[in-house]
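Student: First the structure, then my questions, so here it is.
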Amino acid sequence: MTAVLIIIVLLLVAIAIWQMTKIFELSQFNADDSQIATDKDNKVNGYLMFAFLVFIYLLTIFCFWEWGGVLLGTPASEHGEQIDNLMFISMVLIFTVQIITQALLHYFAYKYRGEKGKKALFYADNDRLEFIWTIIPVITLAGLILYGLFTWTSVMNVDEEEGDPIIIELYAQQFNWKARYAGNDNVLGSANVRLIDIDKNNMLGVDESDPYADDDIVSQTEIHLPVGRKVIFKMRSQDVLHSAYMPHFRAQMNVVPGMITQFAFTPTVTTEEMRLDPDMVEKVQHINQIRADKKADGETDNVDPWEFDYVILCNKICGSSHYNMQMKIIVETQEEFDAWIKEQATFKQQMAAAQ
Ligand SMILES: [Cu+2]
11 MTAVLIIIVL LLVAIAIWQM TKIFELSQFN ADDSQIATDK DNKVNGYLMF
61 AFLVFIYLLT IFCFWEWGGV LLGTPASEHG EQIDNLMFIS MVLIFTVQII
111 TQALLHYFAY KYRGEKGKKA LFYADNDRLE FIWTIIPVIT LAGLILYGLF
161 TWTSVMNVDE EEGDPIIIEL YAQQFNWKAR YAGNDNVLGS ANVRLIDIDK
211 NNMLGVDESD PYADDDIVSQ TEIHLPVGRK VIFKMRSQDV LHSAYMPHFR
261 AQMNVVPGMI TQFAFTPTVT TEEMRLDPDM VEKVQHINQI RADKKADGET
311 DNVDPWEFDY VILCNKICGS SHYNMQMKII VETQEEFDAW IKEQATFKQQ
361 MAAAQ
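Have a look at this one:
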């Protein structure tokens, strides 16, 4: 890879030197003018502009056709729809403006191509025109920004008093996630990296002397969430900057050493229901097809058909194993959730067992 880059750089440097000598020659008095563009050259360039326009339109259509299927699909949280709408409206605006301006840009490049005897018109200014092309973007962008701000404020509602939320700590560490449930009192016991005790498997540094910590429950492998109940994630990082990314719930928040960040949402679709979602069924089939093809080509011996699960991923490049920093999230009914949480050992029980 480095070798290819070096070759490309050397090639570009050579082209630059060649072009500069050409400019130097042309600027000489009595220079040979065979290199000055003729009407025919300008016409060819004008048509090439049109060809480029067609190329970028076709490329856009091809990208949608080929990779449109990797979009996220049905949102699985209450606020997910709002985020998707904001994204959709922004994209429609961007694509509309892009399609129109590119067509105009390339058409004018053709129409006003160089021609012998053709002179550029000196046009000082036009207040009305300038007013129009200033005010339209101002109104559009102001509208979009206001809409985005309102969406942001409504999504970032982490009010602990509202809607009986369940409180979970997300603990990030190179290169894994851990979750700590606040337990029956729904209050997290205090914690500090200095209290981490590997012998007792107290990997989150939870304070044993804090009574609030007694009923906390630490899960090292998966997060269970009851459907329809608001959850507030309080995030801590042990080492470097991480980012908690839960794409299906349209949730992302940086996890910063030395401070607690938070994000709240209400899951609306259970894992079982999402597995039956037509979009998801198609996506899973597609991935399993790729696996089967790879298996047939002898590229892999991983034959297990993949089954959909929600995930939390790390979205900050935090080190060598960043790519695999993830944990499974299971959204289930309240009864299933209660049954799972009952089986988990509390922090107090865990510490007592480690004595
Ligand atoms: Cu990370």
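For the sequence shown, the residue numbers in our numbering are 11 to 365.
We put the beta carbon where it would ideally sit given N, CA and C, even for glycine.
1) State the DSSP-derived secondary structure class of Lys240, mapped to helix, strand or coil.
2) Beta carbon of Ser87, beta carbon of Phe259: below 7 Å?
3) Please state the DSSP three-state secondary structure of Ala261.
4) Between the Cα of Tyr320 and the Cα atoms of Thr280, His332 and Asp94, which residue gives the shortest distance?
5) Given this structure, state the Cα-to-Cα distance separating Ser331 from Phe185, to the nearest angstrom.
6) Between the Cα of Phe60 and the Cα atoms of Phe118, Ile149 and Lys210, which residue gives the shortest distance?
7) Among Phe357, Gln262 and Pro147, whose alpha-carbon lies nearest the alpha-carbon of Val165?
8) Using only CA atoms, which one of Glu179, Leu214 and Leu286 lies nearest to Phe243?
9) By the three-class DSSP mapping on this structure, what secondary structure does Ala61 have?
10) Just to confirm before moving on: does the CB-CB distance between Tyr222 and Gly238 stay below 7 Å?
11) Just how far apart, CA to CA, sit Ile1 and Tyr333?
12) To which residues does DSSP link His252 through a beta bridge?
13) Between the beta-carbon of Asp226 and the beta-carbon of Arg190, is there less than 7 Å?
14) Counting only the same chain and skipping the five closest in sequence on each side, list residues whose C-beta sits under 7 Å from that of Gly158.
15) Kindly examine ligand 1 and report whether one of its heavy atoms sits closer than 6 Å to the Cβ of Met335.
16) How would you label Gln299, buried or exposed, when you count the other beta carbons within 10 angstroms and need 16 or more for buried?
17) Taking the alpha-carbon of Met337 as reference, which of Leu323, Ile327 and Glu346 has the nearest alpha-carbon?
18) Is Asp49 helix, strand or coil by DSSP?
19) According to DSSP, which residues form a beta bridge with Met337?
20) By the three-class DSSP mapping on this structure, what secondary structure does Ile178 have?
21) Buried or exposed for Tyr133, please, with buried defined as at least 16 other CB atoms from any protein chain shown within 10 angstroms of its CB.
22) In angstroms, rounded to a whole number, what distance separates the CA positions of Ile177 and Pro288?
23) Please classify Gln230: does DSSP put it in a helix, a strand, or coil?
24) According to DSSP, what are the bridge partners of Thr271?
25) What's the C-alpha gap between Glu76 and Leu68?
26) Mapping DSSP to helix, strand and coil, what is Val197?
27) Report yes if the C-beta of His332 is less than 6 Å from at least one heavy atom of ligand 1; otherwise report no.
28) Would you be able to state if there are at least three C-beta pairs under 8 Å between the stretch 191 to 210 and the stretch 132 to 146?
29) Once the 5 residues before and after Gly78 are set aside, which same chain residues still bring their CB inside 7 Å of it?
30) Can you name, in chain order, every residue of its own chain whose Cβ lies under 6 Å from the Cβ of Asn194, other than the five neighbours on each side?
31) Applying the 10 Å Cβ sphere with the 16-neighbour rule, what's the burial state of Asp181?
32) Could you tell me whether the Cβ of Gln295 comes closer than 7 Å to any Cβ of chain E?
33) Would you please state the rounded distance, in angstroms, between the beta carbons of Ala274 and Asn167? I believe it to be under 8 Å.
34) Give me the Cα-Cα distance between Phe141 and Asp135, rounded to the nearest whole angstrom.
35) Which one of Asp174, Val64, Ala192 and Ala130 has the shortest CA to CA distance from Lys358?
36) Measuring from the CB of His89, is there a heavy atom of ligand 1 at a distance below 6 Å?
Tutor: The short version:
1) Lys240 falls in the coil class under three-state DSSP.
2) A contact, by the Cβ cut-off of 7 Å.
3) Of the three classes helix, strand and coil, the one that applies to Ala261 here is strand, per DSSP.
4) Of the listed residues, the one whose Cα sits closest to Tyr320 is Thr280.
5) If you take the alpha carbons of Ser331 and Phe185, they lie about 6 Å apart.
6) Per the Cα distances, Phe118.
7) Measuring from the Cα of Val165, the nearest candidate turns out to be Gln262.
8) Looking from the CA of Phe243, the closest CA among Glu179, Leu214 and Leu286 belongs to Glu179.
9) Residue state, collapsed to three classes: helix.
10) Contact flag unset, no.
11) This structure cannot settle anything about residue 1, because the visible part of the chain is limited to 11 through 365.
12) Under DSSP, His252 takes part in a beta bridge, and its partners are Val265.
13) Yes, the pair counts as a contact, with Cβ atoms nearer than the cut-off.
14) Residues of the same chain with a CB within less than 7 Å of the CB of Gly158, apart from the 5 flanking positions on each side, are Leu96 in chain order.
15) Met335: yes, Cβ under 6 Å from ligand 1.
16) By the Cβ neighbour-count rule, Gln299 is exposed, with fewer than 16 other Cβ atoms within 10 Å of its own.
17) Considering only alpha carbons, the answer is Leu323.
18) The three-state reading of DSSP puts Asp49 in helix, counting H, G and I together.
19) Per DSSP, Ile322.
20) DSSP places Ile178 in strand when its eight states are reduced to three.
21) Answer is exposed; the Cβ neighbour count stays below 16.
22) Each residue's alpha carbon lies about 32 Å from the other.
23) Looking at Gln230 - three-state DSSP - the assignment turns out to be coil, as it is neither helix nor strand.
24) By DSSP's assignment, Thr271 forms a beta bridge with Met245.
25) Those two C-alpha atoms are separated by around 12 Å.
26) Three-state result, Val197: coil.
27) Flag set: Cβ of His332 near ligand 1.
28) They do not touch, by the three-pair rule.
29) Cβ neighbours of Gly78 within its own chain (closer than 7 Å, five residues either side excluded): none.
30) So the qualifying residues of the chain are Asp225.
31) The residue asked about is misnamed: residue 181 is Tyr in this sequence, not Asp. Looking at its Cβ environment, which holds 16 or more other Cβ atoms inside 10 Å, Tyr181 is buried.
32) Among the chains in the structure shown there is no chain E, since it carries only a single protein chain.
33) Confirmed, about 7 Å.
34) Roughly 11 Å separates the two Cα atoms.
35) Measuring from the Cα of Lys358, the nearest candidate turns out to be Ala192.
36) Incorrect: His89 has no Cβ contact closer than 6 Å to ligand 1.
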